[in-house]
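Using the working numbering, the letters of the sequence shown map in sequence onto residues 1150 to 1292. Glycine included, C-beta positions come from ideal geometry on N, C-alpha and C. Right, one structure below, let's go through it.
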Amino acid sequence: MRHRKSGRRLGRTWEHRKAMYRNMVRSLLTYGRIRTTVAKAKELRKVADNLITLALRNDLHARRQAYKVLGNHALVKKLFDEYGPCFNGVKGGFTRVVKLGLPRPGDCAPLAIIELTEGKDAVKEEKAPAKKKAAAKPAAKPE
C-alpha cells in the first residue's frame, strides 16, 4: 500500500530521481525554460519553487541549502542575486508548466515546457537598455 506517499516515481529509483531533479533544476535556472514530459515538469516545479523560496530568504543557511541541491557556486549566486530580487514580494507560482500538445515521436509521451514566470521577464527587462527621450530642439529666435 502507498498510503500518504506523495510524488511520482517515474519508473526510477529514488537516487536516480534525485539526480534527475538536480540536473533539471540546474538547466531550468541556467536557461530559464526547458522542454520535458508533463509528469517530470510537474514534479520539477516542486524542487524549483523550493529553491526560489530559499532565494527569497537570502541568508547564509539558505545559500548552503541551495548549494546542497545545485552543487554549483555560480548558479547559487545567480539564484540569489538575479532571481531572488525578481520574485521579491511574490507569494508563490514561480514556475509555469505549459503543455505543448505534441507527443514525443519515440514513445508518444506528452511534452511540456516549464519556465520561470516573473523572474525570467524581469531579468530580461533589467538587461535591456533604457530608451532615452529625444531632446527637444530649441526654438529658433526671431530676428
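Relative to the Cα of residue 1195, the nearest Cα in the group 1231, 1153, 1171 and 1255 belongs to 1171. Classified as exposed, residue 1223 has fewer than 16 neighbouring CB atoms from the shown chains inside 10 Å of its CB. Judged by beta-carbon spacing, residue 1203 lies within the 8 angstroms limit of residue 1211, meaning their Cβ atoms are closer than that value. Distance between residue 1182 and residue 1205, taken at the CA atoms: about 20 angstroms.
Residue 1229 is not a Cβ neighbour of residue 1267, given a cutoff of 8 angstroms.
For residue 1250, there are no CB contacts under 6 angstroms within the same chain when 5 residues up- and downstream are skipped. With respect to residue 1247, residue 1261 sits close: the two C-beta atoms are nearer than 8 angstroms.
Here residue 1258 carries a coil assignment [DSSP, helix/strand/coil].
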